[in-house]
């Protein structure tokens, strides 16, 4: 059975390969997701985590400004990093945003929330 961390990284890796600096044909803005995620995984440090988290927040902000749907997994990933930093309440809010935007993720997200309580 896969742990929630393994689930998360499988999902995140999937999205990493879909990233690009502009809006994709599917209508998602990915910014520099691939680059910051790669650095975050390759050389984990507070700096690489912070840079990746900043990129995730930028993706949310640019998507909202452009009237685009935030790409799948972005809110969940922000929630995951936020939880790792000890802010479980904010983390749960991000997880809920993910489940609201992508109802098909609700089962997975509910497991993440349950594991944090």
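In my numbering, the protein residues as written are -14 to 102. In this text, a Cβ means the ideal position worked out from N, Cα and C, and glycines have one as well.
- A Cβ-Cβ contact shorter than 7 Å links residue 94 with residue 80.
- Shown here for residue 57: same chain residues with a beta carbon closer than 6 Å to its own, the five before and five after excluded, namely 87 in chain order.
- Between residue 14 and residue 41 a beta carbon distance of about 12 Å is seen, past the 8 Å cut, so the two are scored as non-contacting.
- In the three-state DSSP reduction, residue 14 falls in the strand class (E or B).
- Sixteen is the threshold: when 16 or more other Cβ atoms of the shown chains lie within 10 Å of the Cβ of residue 16, as they do, the residue is buried.
- Per DSSP, residue 34 is one residue of the alpha helix (DSSP H) stretching across 31 to 50.
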